[in-house]
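A quick write-up on the structure given underneath.
2 protein chains.
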Amino acid sequence: MTALRERRDAAIGVFDSGLGGLTVASAIAAALPDEDLLYLGDTARVPYGTRSPATVVRYARNNVAFLKERGVKLVVVACNTVSAHALGGLADGGDTPVLGVIRPGARAALAASRGGPVAVLGTPGTVRSRAYEDAIHELDPERPVHAIACPLFVPLAEEGWTDHAATTLIAREYLAPLAGTGVDTIILGCTHYPLLQRTLRAVADDVLGTHVTLVDSATAVASEVVRFLDATSGRRPPSTTTHRFFVTDAPERTGEVAARFWPAARGVEHVDIKIL
Amino acid sequence: MTALRERRDAAIGVFDSGLGGLTVASAIAAALPDEDLLYLGDTARVPYGTRSPATVVRYARNNVAFLKERGVKLVVVACNTVSAHALGGLADGGDTPVLGVIRPGARAALAASRGGPVAVLGTPGTVRSRAYEDAIHELDPERPVHAIACPLFVPLAEEGWTDHAATTLIAREYLAPLAGTGVDTIILGCTHYPLLQRTLRAVADDVLGTHVTLVDSATAVASEVVRFLDATSGRRPPSTTTHRFFVTDAPERTGEVAARFWPAARGVEHVDIKIL
């Protein structure tokens, strides 16, 4: 593997099934203001969370190939579904390291927790994969984990209904099983969920009767990228930076939805990627 | 064009972006109990409602090609988004007629209306296309039409939250602009919406202060298919029938979601279709 320090001027590649991963790209940009970023949202095939694992793996390989062709030094998989199903095979022994969102989220949750059980909110696919449970249990085999599928949160976030009474009602129903569990930390295990953070905190505090720490996987991944670049001398020296945004389909509202996740995401470009 | 009566024993093909079109297939099966049905749900590429028109047209052509290869006598496009964007080009002068959902829905609404304005609820793509307005105005150029995009109804229907308080709250917000308009008929302009019928009727009656007729495009299309086969002597004589169901991706919950739309939809088969 070419040492990362020899490619430190190359961009960091970030991909997600859609635009939600812009919360991750935005957290990385805030933590690493000297890095170029190249974002790919596979909007032609979104959502991944309801697709079969084999299909998710195939799409993810194509996204990685697209970013590698453009010479990124590091690929960040800003998609919980891909991180859950496909991360192992994506690096393929090549030159470009691949980081996912699950382990950083698990690590951040255990660091934030006061020792109680941890809850994970995610898409049905992420929850079925048990990837967060596995990642937490690698670090702390005895820690109880409650995983809850919240399929309506993605459309609510995309529609901008972040503080609506209906969102509160829906969150209350999803989180009800946590009452009495003693959970003190909740992982927002989907890139869309940070948009619902205010509503989720209010509902969680209320359901659990205590102050709950919400762990946002976007921030956790950004910290992981900082650690990784520092450990490999892969940080780019201070410089002017370029952020580029690609999507595989560009319907009319793309710019509007992108701005919900990262107001600075401008000039989204449409690109066709080969699906093999 | 080969006369339809010479191919009357062939199946009726129905396709949709996903499983919602099963409401249309089910209405056709109820109206035409002697016909074989072949259903294709393009679940690998669902949803179409948020994709660009060019992409929708490409996917629709592939679905039609799949059904034609299997020798169907008629293709029913059980997808409002495709009917809105792509219907014109799908028949391509070939042997197989193609029917959409928009015109039958518009016709049924004008037949049901007491002469007042008509409302259409649909996905953002269908509403932006203005296809229902155009179809209604072809029949009655002066009729006022109110079209409302209801993006959260599809996920609510797919999750089975058909009578939930959150669904009522969301419906109340979507329908609020209809207050005082005098609308007496509402077209459910998306195959998923018939599942929310009970909630929508209660909210609509309340918002409009009068009894509103809901026109379900599934039932309207089924009547259109009956009329079309009668006019072309294309009905199959009484016979035992086969209903087959294909999907382009089959994640774990496919059977469960399919049953929400048509409890008789069993034995869903996975098929790869070529995307050209």
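Listed in order, the protein sequences are those of chains W and Z. In terms of the working numbering, the first sequence opens at residue 863 and continues consecutively. In terms of the working numbering, the second sequence opens at residue 863 and continues consecutively. The beta-carbon is built from N, C-alpha and C at its ideal position, and this holds for glycine as well. All figures in this text were calculated on a predicted structure; none of them were measured in a lab.
Within 8 Å, strictly: CB atoms of residue i and residue j
{"i": "residue 1045 of chain W", "j": "residue 977 of chain W", "result": "no"}
{"i": "residue 885 of chain W", "j": "residue 1108 of chain W", "result": "no"}
{"i": "residue 1047 of chain W", "j": "residue 974 of chain W", "result": "yes"}
{"i": "residue 902 of chain W", "j": "residue 873 of chain W", "result": "no"}
{"i": "residue 1013 of chain Z", "j": "residue 1021 of chain W", "result": "yes"}
{"i": "residue 1097 of chain W", "j": "residue 870 of chain W", "result": "yes"}
{"i": "residue 1083 of chain Z", "j": "residue 1054 of chain Z", "result": "no"}
{"i": "residue 875 of chain W", "j": "residue 919 of chain W", "result": "no"}
{"i": "residue 1028 of chain Z", "j": "residue 1028 of chain W", "result": "yes"}
{"i": "residue 1117 of chain Z", "j": "residue 1051 of chain Z", "result": "no"}
Residue i, buried or exposed, once every other Cβ within 10 Å from all chains shown has been counted against 16
{"i": "residue 1073 of chain Z", "result": "exposed"}
{"i": "residue 936 of chain W", "result": "buried"}
{"i": "residue 1104 of chain W", "result": "exposed"}
{"i": "residue 912 of chain W", "result": "buried"}
{"i": "residue 962 of chain W", "result": "buried"}
{"i": "residue 916 of chain W", "result": "exposed"}
{"i": "residue 1128 of chain W", "result": "exposed"}
{"i": "residue 1102 of chain Z", "result": "exposed"}
{"i": "residue 1060 of chain Z", "result": "exposed"}
{"i": "residue 1003 of chain W", "result": "exposed"}
{"i": "residue 909 of chain Z", "result": "buried"}
{"i": "residue 1078 of chain W", "result": "buried"}
Alpha carbon of residue i to alpha carbon of residue j, nearest angstrom
{"i": "residue 1036 of chain W", "j": "residue 1038 of chain Z", "result": "27 Å"}
{"i": "residue 992 of chain Z", "j": "residue 938 of chain Z", "result": "20 Å"}
{"i": "residue 1064 of chain Z", "j": "residue 1081 of chain W", "result": "43 Å"}
{"i": "residue 949 of chain Z", "j": "residue 883 of chain Z", "result": "16 Å"}
{"i": "residue 926 of chain Z", "j": "residue 1062 of chain W", "result": "44 Å"}
{"i": "residue 1136 of chain Z", "j": "residue 879 of chain Z", "result": "15 Å"}
{"i": "residue 921 of chain W", "j": "residue 1094 of chain Z", "result": "44 Å"}
{"i": "residue 1112 of chain Z", "j": "residue 914 of chain W", "result": "6 Å"}
{"i": "residue 958 of chain W", "j": "residue 930 of chain W", "result": "7 Å"}
{"i": "residue 1033 of chain Z", "j": "residue 1011 of chain W", "result": "23 Å"}
{"i": "residue 1119 of chain W", "j": "residue 907 of chain Z", "result": "20 Å"}
{"i": "residue 1134 of chain W", "j": "residue 888 of chain W", "result": "24 Å"}
{"i": "residue 1067 of chain W", "j": "residue 987 of chain W", "result": "26 Å"}
{"i": "residue 1131 of chain W", "j": "residue 951 of chain Z", "result": "28 Å"}
{"i": "residue 996 of chain W", "j": "residue 946 of chain W", "result": "10 Å"}
{"i": "residue 891 of chain W", "j": "residue 1088 of chain W", "result": "11 Å"}
{"i": "residue 1025 of chain W", "j": "residue 1115 of chain W", "result": "21 Å"}
{"i": "residue 960 of chain Z", "j": "residue 1092 of chain Z", "result": "16 Å"}
{"i": "residue 954 of chain Z", "j": "residue 954 of chain W", "result": "45 Å"}
{"i": "residue 1076 of chain Z", "j": "residue 1058 of chain Z", "result": "11 Å"}
{"i": "residue 932 of chain Z", "j": "residue 1121 of chain Z", "result": "24 Å"}
{"i": "residue 1090 of chain W", "j": "residue 923 of chain Z", "result": "46 Å"}
{"i": "residue 897 of chain Z", "j": "residue 1007 of chain W", "result": "51 Å"}
{"i": "residue 893 of chain Z", "j": "residue 1099 of chain Z", "result": "14 Å"}
{"i": "residue 1106 of chain W", "j": "residue 865 of chain W", "result": "25 Å"}
{"i": "residue 956 of chain Z", "j": "residue 928 of chain Z", "result": "14 Å"}
{"i": "residue 881 of chain W", "j": "residue 881 of chain Z", "result": "24 Å"}
Supposed contact pair residue j and residue i - C-beta distance, whole angstroms, cut 8 Å
{"i": "residue 1110 of chain Z", "j": "residue 943 of chain Z", "result": "The Cβ separation is near 16 Å, so there is no contact."}
{"i": "residue 1049 of chain Z", "j": "residue 982 of chain Z", "result": "5 Å"}
{"i": "residue 895 of chain Z", "j": "residue 1086 of chain Z", "result": "Actually they do not touch by this definition, with Cβ atoms about 17 Å apart."}
{"i": "residue 1040 of chain W", "j": "residue 1018 of chain W", "result": "Rounded, the Cβ-Cβ distance is 19 Å, inconsistent with contact."}
{"i": "residue 994 of chain Z", "j": "residue 970 of chain Z", "result": "About 11 Å; that fails the 8 Å criterion."}
{"i": "residue 1001 of chain Z", "j": "residue 1031 of chain Z", "result": "About 35 Å separates the two Cβ atoms, so there is no contact after all."}
{"i": "residue 980 of chain W", "j": "residue 964 of chain W", "result": "About 13 Å separates the two Cβ atoms, so there is no contact after all."}
{"i": "residue 877 of chain W", "j": "residue 940 of chain W", "result": "7 Å"}
Neighbour list for residue i in chain A, Cβ cutoff strictly below 8 Å
{"i": "residue 1114 of chain Z", "result": "Among the protein chains of the structure shown, namely W and Z, there is no chain A."}
Check: residue i C-beta below 7 Å from any heavy atom of the ligand ATP
{"i": "residue 1094 of chain Z", "result": "For the structure depicted, the ligand ATP is absent and the ligand set is empty, with no information on it obtainable."}
In chain order, which continuous runs of the alpha helix (DSSP H) of length 4 or greater are located wholly inside the segment 934 to 974 of chain Z?
DSSP assignment within the segment 934 to 974 of chain Z yields the following whole alpha helix (DSSP H) runs of 4 residues or more, N-terminal first: 942 to 947, 949 to 952 and 964 to 974.
Taking only runs of the alpha helix (DSSP H) that begin and end inside the segment 1057 to 1082 of chain W, which ones reach a length of at least 4 residues, in chain order?
Secondary structure within the segment 1057 to 1082 of chain W: the alpha helix (DSSP H) runs of 4 or more consecutive residues, fully enclosed, are 1059 to 1070 (chain order).
Quick check for students: name the residue ranges of the alpha helix (DSSP H) that lie wholly in the segment 876 to 945 of chain W, counting only runs of 4 or more.
Segments of the alpha helix (DSSP H) lying fully in the segment 876 to 945 of chain W: 884 to 893 and 915 to 931.
In the segment 965 to 1046 of chain W, which residue ranges form an unbroken alpha helix (DSSP H) of at least 4 residues, counting only runs that do not cross its ends?
For the segment 965 to 1046 of chain W, whole alpha helix (DSSP H) runs of length 4 or above, ordered along the chain, are 986 to 991, 993 to 1001, 1015 to 1020 and 1027 to 1037.
Which runs of the alpha helix (DSSP H), 4 residues or longer, sit entirely within the segment 1093 to 1135 of chain W?
If one requires a minimum length of 4 residues, the alpha helix (DSSP H) runs lying completely within the segment 1093 to 1135 of chain W are 1116 to 1123, in chain order.
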